[in-house]
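**Q** Sharing a structure, written as structure tokens. Questions coming.
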Amino acid sequence: MLIKVNNINKSYKSKFKTLDILKNISFEINKSDFIALMGPSGSGKSTLLNLISGLDKADSGNIFFSNTDICQVNSKELAKFRRDYLGFIFQEYNLIDTLTSNENIALALTMKKHPANEIQEKIMEIMSKLNISSLSDKFPYQLSGGEKQRVACARALIKSPKLILADEPTGALDSKSANELMECFNEINEKMGATILLVTHDVFTASYCNKVLFLENGLIKNIWEKGNLNRDEFFNKILSEINKKRSV
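In structure tokens:
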């Protein structure tokens, strides 16, 4: 087991009311899991992702990462935890416009003061695996949305994180680029053993995962597992289950 989320609660208080976002959330993430968090807007998906990354604090409960409860550590330790163990992929790519793809990917290792020759070896290896070697010297403005997101994937992978967190990674992509990105995710999960937790509204995106946690009103209402289904069959299963909810 890589992560154990145990009875997590999160609310936001205003002058007039308290809004409960997450209620007694519990689940586990094992090494090489590929999990999607789904649910309607406001169901708590991104909040849960932020809690697991240590970017936000739970009101109560525990999040154990390799036996360390990150809910109990200070901000300095959380920053080290994010730097050493997590890789992030965002909807808006978050690439630095004045750096080439090579330099954007290198940034995480440069900040950790890895030797320059070691950094370049790692970059060449990861770009080759993701079939983006030809993008090495290009700046973000020269890349398509799909290419930017694959560079962002390489940046997340370069430091060999224990967990990759992706918030709506296909949200800004056209269908072709989204398909290419999810094939890339599938490859890094299957061939590199990467553990991935992503937030998505999209059934197509979720169908690439091995498990879907469906959140509603701050609760995990359903868990759907791919099992022996192929991607098309899992897509149809997820879609059918969501349509059942809409018809109630």
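If you count by the numbering used here, then the sequence shown holds residues 192 to 439, one letter each, in order. For every residue, glycine included, the Cβ atom is placed at its ideal position computed from N, Cα and C. None of the values given here were measured: they were computed from a predicted structure.
Going along the chain, which residues of its own chain have a beta-carbon closer than 7 Å to the beta-carbon of S217, five neighbours each way excluded?
**A** Counting from one through the sequence shown, the residue named residue 217 turns up at place 26. The answer, listed in chain order, is V196, N197 and N198.
**Q** Quick check: the Cα distance between K320 and I355, rounded to an integer number of angstroms?
**A** Within the sequence shown, residue 320 is the residue found at index 129, counting from 1. Within the sequence shown, residue 355 is the residue found at index 164, counting from 1. Each residue's alpha carbon lies about 17 Å from the other.
**Q** Hey, S244 and T386 are a contact pair by Cβ (cut 8 Å); roughly how many whole angstroms apart?
**A** By one-based count along the sequence shown, residue 244 stands at place 53. By one-based count along the sequence shown, residue 386 stands at place 195. That pair is no contact at about 13 Å.
**Q** Below 8 Å, can you find three or more Cβ-Cβ pairs linking the segment 257-265 to the segment 282-299?
**A** Touching, no, given that fewer than three Cβ pairs across the two stretches are closer than 8 Å.
**Q** Output yes or no for whether 8 Å exceeds the beta carbon distance between D328 and T291.
**A** What you label residue 328 is simply residue 137 of the sequence shown in a count that begins at 1. What you label residue 291 is simply residue 100 of the sequence shown in a count that begins at 1. Yes. Within cutoff.
**Q** Do E283 and A397 have their CB atoms nearer than 8 Å?
**A** Taking the sequence shown and counting its residues from 1, one reaches residue 283 at position 92. Taking the sequence shown and counting its residues from 1, one reaches residue 397 at position 206. Going by C-beta atoms, E283 is not nearer than 8 Å to A397.
**Q** Going by DSSP, what residue range makes up the alpha helix (DSSP H) through A357?
**A** Residue 357 sits at position 166 when you count from the first residue of the sequence shown. It is not in any alpha helix (DSSP H) - A357 instead sits in the beta strand (DSSP E) that spans L354 to D358.
**Q** Starting from Y276, trace the alpha helix (DSSP H) both ways and give me its first and last residue.
**A** Residue numbering aside, residue 276 sits at position 85 when the sequence shown is read from its first letter. Looking at the DSSP string, the run of the alpha helix (DSSP H) that includes Y276 is S266 to Y276.
**Q** To which residues does DSSP link Y203 through a beta bridge?
**A** To locate residue 203, count along the sequence shown from 1; it is residue 12. Answer is L210, bridged to Y203.
**Q** Which complete beta strand (DSSP E) runs does the segment 236-312 hold, if anything under 3 residues is left out?
**A** Those beta strand (DSSP E) runs which fall completely within the segment 236-312 and span 3+ residues are 251-256 and 277-281.
**Q** I believe I411 touches K402 by the beta-carbon criterion, under 8 Å. Please report the beta-carbon distance rounded to the nearest angstrom.
**A** For the purposes of this step, residue 411 is taken as the residue at position 220 of the sequence shown. For the purposes of this step, residue 402 is taken as the residue at position 211 of the sequence shown. Actually they do not touch by this definition, with Cβ atoms about 11 Å apart.
**Q** From the DSSP output, read off the bridge partner residues of E407.
**A** Here the question's residue 407 lines up with position 216 in the sequence shown. L410.
**Q** When DSSP labels each residue in this structure, what does N419 get in the three-state scheme?
**A** Translated into the one-based positions of the sequence shown, residue 419 becomes position 228. Coil at N419, not helix or strand.
**Q** Given L269, which residues of its chain have a CB within under 7 Å of its CB, disregarding the five upstream and five downstream residues?
**A** Sequence index remark: in the sequence shown, residue 269 carries index 78 (1-based). So the qualifying residues of the chain are G245 and I261.
**Q** Tell me where the alpha helix (DSSP H) around M373 begins and ends.
**A** Taking the first residue of the sequence shown as 1, we reach residue 373 at position 182. Unbroken alpha helix (DSSP H) run through M373: S366 to E381.
**Q** Is it buried or exposed, G384, if we count other Cβ atoms within 10 angstroms and call 16 or more buried?
**A** As a first step, residue 384 is located in the sequence shown; it is residue number 193 there, counting from the start. G384 comes out exposed.
**Q** For M192, which of helix, strand or coil comes out of DSSP?
**A** On the sequence shown, position 1 is the one that residue 192 refers to. Coil, per DSSP.
**Q** Kindly give me the distance between the Cβ atoms of V390 and D358, rounded to whole angstroms, as I take these residues to be in contact under 8 Å.
**A** Within the sequence shown, residue 390 is the residue found at index 199, counting from 1. Within the sequence shown, residue 358 is the residue found at index 167, counting from 1. Sure, about 5 Å apart at Cβ, within 8 Å.
**Q** Consult DSSP for L321 and reduce its assignment to one of helix, strand or coil.
**A** Here residue 321 refers to the residue found at position 130 when the sequence shown is read from its first residue. L321 falls in the coil class under three-state DSSP.
**Q** Short of 7 Å in beta carbon distance, which residues of its chain neighbour L420, apart from the five on each side in sequence? Order them along the chain.
**A** On the sequence shown, residue 420 is found 229 positions in, with the first residue counted as 1. Here the set comprises K428.
**Q** Which residues mark the beginning and the end of the alpha helix (DSSP H) in which L348 is found?
**A** Taking the first residue of the sequence shown as position 1, residue 348 is located at position 157. Looking at the DSSP string, the run of the alpha helix (DSSP H) that includes L348 is G336 to L348.
**Q** How would you write the range of the alpha helix (DSSP H) that A397 sits in, first residue to last?
**A** By one-based count along the sequence shown, residue 397 stands at place 206. Segment V394 to A397, the alpha helix (DSSP H) holding A397.
**Q** Going by CA-CA distance only, name the one from L239, H392 and E371 that's closest to L430.
**A** Sequence index remark: in the sequence shown, residue 430 carries index 239 (1-based). Ranking the options by Cα distance to L430, first place goes to H392.
**Q** In the DSSP assignment, the beta strand (DSSP E) including A227 goes from what residue to what residue?
**A** By 1-based counting over the sequence shown, the position of residue 227 is 36. Its beta strand (DSSP E) spans residues F225 to M229.
**Q** What do you get for E374, buried or exposed, if any count of 16 or more other CB atoms within 10 angstroms of its CB means buried?
**A** On the sequence shown, position 183 is the one that residue 374 refers to. So E374 ends up on the exposed side.
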